[in-house]
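Just so you know, we're using my numbering here: the sequence shown kicks off at 38 and counts up by one.
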Amino acid sequence: MENIFNLKADNIVIRNPIALSAMAGVTDGKFAETYAKNAGIAVLGSYNLDEESEKAGAEAAARGRTEFFAREDVNNDVYIQIENEIDYVNLKMPETVPAVSVRSASLTPLLKAAELIKSKNAIMELDIHCRQPEFTERGLGQSLLKDTQKLAEMIQKIKETGVVLSVKFRTNVVDPKTAAEFFDAAGADVIHADAMIEGKGADIEAIAKIRNATRKLVIANNSVDDFDAALDFFSSGADMVSVARAAADDPEFIPHLVKKITEYQQETGWYNTPKHVCKRGDNRSLAFCCPPVKYCGLLKKIDEVGLTNEEFVQLKQDAVKGTPLEGGKDTCFGSLVWCCKGTKSCFYRDEALSDLGISQVDYMKMKRELSEKILDAIDEKKSRASN
Ligand SMILES: Cc1cc2nc3c(=O)[nH]c(=O)nc-3n(C[C@H](O)[C@H](O)[C@H](O)COP(=O)(O)O)c2cc1C
Numbered sequence: 038m039e040n041i042f043n044l045k046a047d048n049i050v051i052r053n054p055i056a057l058s059a060m061a062g063v064t065d066g067k068f069a070e071t072y073a074k075n076a077g078i079a080v081l082g083s084y085n086l087d088e089e090s091e092k093a094g095a096e097a098a099a100r101g102r103t104e105f106f107a108r109e110d111v112n113n114d115v116y117i118q119i120e121n122e123i124d125y126v127n128l129k130m131p132e133t134v135p136a137v138s139v140r141s142a143s144l145t146p147l148l149k150a151a152e153l154i155k156s157k158n159a160i161m162e163l164d165i166h167c168r169q170p171e172f173t174e175r176g177l178g179q180s181l182l183k184d185t186q187k188l189a190e191m192i193q194k195i196k197e198t199g200v201v202l203s204v205k206f207r208t209n210v211v212d213p214k215t216a217a218e219f220f221d222a223a224g225a226d227v228i229h230a231d232a233m234i235e236g237k238g239a240d241i242e243a244i245a246k247i248r249n250a251t252r253k254l255v256i257a258n259n260s261v262d263d264f265d266a267a268l269d270f271f272s273s274g275a276d277m278v279s280v281a282r283a284a285a286d287d288p289e290f291i292p293h294l295v296k297k298i299t300e301y302q303q304e305t306g307w308y309n310t311p312k313h314v315c316k317r318g319d320n321r322s323l324a325f326c327c328p329p330v331k332y333c334g335l336l337k338k339i340d341e342v343g344l345t346n347e348e349f350v351q352l353k354q355d356a357v358k359g360t361p362l363e364g365g366k367d368t369c370f371g372s373l374v375w376c377c378k379g380t381k382s383c384f385y386r387d388e389a390l391s392d393l394g395i396s397q398v399d400y401m402k403m404k405r406e407l408s409e410k411i412l413d414a415i416d417e418k419k420s421r422a423s424n
């Protein structure tokens with residue numbers, strides 16, 4: 038099957054940008070098969086790996102949160118359980134990459150899980166998300182964020198096994214930009230952000246901040262209960278969107294999102310096109326900006342990414358040299374490199390595209406490539422400045 042979204046977490050190819058998010062005691066292989074039939078990723082767990090996390094789970098269960106004690110049978114080996122669930126997803130859901138969310142206060146069980154998960158070509162997810170006191174009091178879940186040295190070492194050691202690693206955290210617990218930079222530097226391959234606002238839905242801007250801080254795969258999560266909510270995350274820079282509660286409510290919800298986003302990609306050529314800079318688009322939106330000729334949000338954005346106005350102009354011109362985006366001499370600024378999104382109506386741009394024989398879909402694919410080159414140049418300038 039064609040990989041139209043071009044999505045990868047390290048070396049693992051992901052078929053589409055919709056994921057099932059972890060629900061302890063709920064999201065096992067059978068659940069994924071029923072409620073996330075064709076998801077790009079199905080996160081199983083979270084599983085408690087060591088004695089501390091088991092104790093925390095048992096205590097949480099004793100006050101009624103039975104989902105936190107997820108073992109089918111206390112005598113079961115949790116690693117065998119994990120292996121069986123991954124095998125089930127691999128067998129029954131060929132389009133879906135299994136991911137396994139885990140908790141452990143000590144490193145050795147995490148390394149053992151990492152070896153197992155890697156051997157199955159699955160993704161490991163470290164739960165830095167759980168906020169139940171039984172876990173946080175033991176240094177588990179989101180309390181790991183309080184000891185960044187330990188957390189960085191944990192991530193580095195897990196990565197040394199070669200497993201593809203996701204980290205899941207809440208954006209209202211720690212500054213999302215700082216967290217994304219930290220996880221990226223520590224070596225995580227996937228940043229799974231629960232953009233929760235206490236009692237109020239999702240913090241869309243937190244995702245744009247994360248997008249601007251990392252080139253790693255970003256999964257945005259929280260309150261996605263229709264396609265528009267997913268699109269809000271995508272246009273803020275999410276590579277993928279994950280769903281928990283709405284998926285559990287309706288087995289057709291994830292397939293519906295997969296269908297809608299596949300159609301959207303086929304119709305537009307860029308499923309997670311950024312919002313324009315003036316609508317607080319992330320850095321990728323510079324691909325759609327005109328030269329800095331007037332006072333607008335672009336000036337602030339150019340400054341924010343560490344470029345001068347002249348560098349910005351030069352970089353865009355260089356990036357499209359020899360490509361069809363160089364054409365379009367009758368457009369406002371004499372080249373398609375300065376033109377805006379296909380969804381914004383513009384006679385001049387559309388005339389130029391038609392004269393050059395470029396479809397709207399191909400135009401947006403080229404803008405996506407341009408945005409990557411812009412991000413490369415920003416990264417290069419930043420790294421030169423820090424050396
Ligand atoms: C019953 C239940 C159990 C959950 N257990 C976990 C868990 O073990 N690990 C985890 O990372 N998130 C867990 N979550 C959080 C979800 O993965 C997700 O981040 C959260 O529900 C927000 O997404 P949503 O609005 O799509 O539900 C759980 C959520 C629910 C409702």
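From the three backbone atoms N, C-alpha and C, an ideal C-beta is built for every residue, glycine too.
Just verifying my parser: in three-state terms, what is the DSSP assignment at residue i?
i	result
G62	coil
V137	strand
G199	coil
Y332	coil
Y385	helix
S90	helix
F206	strand
A73	coil
Y84	strand
H166	coil
K157	coil
G178	helix
N258	strand
V357	coil
A142	coil
K45	strand
M277	strand
I395	coil
A232	coil
Keeping to the same chain, check which residues put their C-beta closer than 8 Å to that of residue i; ignore five residues upstream and five downstream.
i	result
A422	G343
I415	N320, V342, G343, L344
S180	F172, T173, E174
E304	V398
Going by beta carbon distance, what residues of the same chain come within less than 6 Å of residue i, once the five residues before and after it are set aside?
i	result
F290	A283, A284
S260	G238, A239
T208	A230, A232, D240, A243
E89	A142, R175
A267	V261, V278, L294
V211	L182
T71	P288
Which residues in the same chain as residue i place their Cβ atom closer than 7 Å to its Cβ, once the five residues preceding and following it in sequence are excluded?
i	result
Y385	D367, T368, C369
A223	A189, I192, Q193
S58	V80, N258, S279, V280, A281
C327	C369, F370, W375
C315	C333, G334
For residue i, which option in the options has the closest C-alpha, if you only look at C-alpha atoms?
i	options	result
M401	C377, N424, R100	C377
L202	E174, D221, Y332	D221
S141	K157, E132, D164	D164
K149	K196, L254, Q169	K196
V134	V115, R175, A46, V350	A46
L412	G394, F349, K358, E363	F349
A159	I123, Y308, N75	I123
A217	K253, E363, V137, S138	K253
D355	D262, S156, K187, A324	A324
L44	K296, S372, M277, S138	M277
E33	L390, E388, K358	Lying outside 38 to 424, the shown extent of the chain, residue 33 is not represented and no answer is given.
L352	G365, F206, P329, K297	P329
N75	Q302, F206, P292, S396	P292
R168	T185, F206, K155, W307	F206
Compute every distance between the C-beta of residue i and the non-hydrogen atoms of ligand 1, then say whether any falls below 7 Å.
i	result
G94	no
L168	In the sequence as presented, Leu is not what sits at residue 168; that position holds Arg. No; taking the cut-off as 7 Å, the Cβ of R168 has no heavy atom of ligand 1 nearer than that.
N259	yes
V280	yes
D355	no
V441	Coverage of the chain is limited to positions 38 through 424, which leaves residue 441 absent and any answer about it impossible.
M130	no
M60	yes
K237	no
V330	no
D63	For the record, residue 63 in the displayed sequence is Val; it is not Asp. Result yes, Cβ under 7 Å from ligand 1.
E104	yes
A283	yes
D263	no
S83	yes
K312	no
Can you determine whether any heavy atom of ligand 2 sits closer than 7 Å to the C-beta of residue i, and answer yes or no?
i	result
G66	Ligand 2 is not among the ligands present in this structure, which contains only ligand 1.
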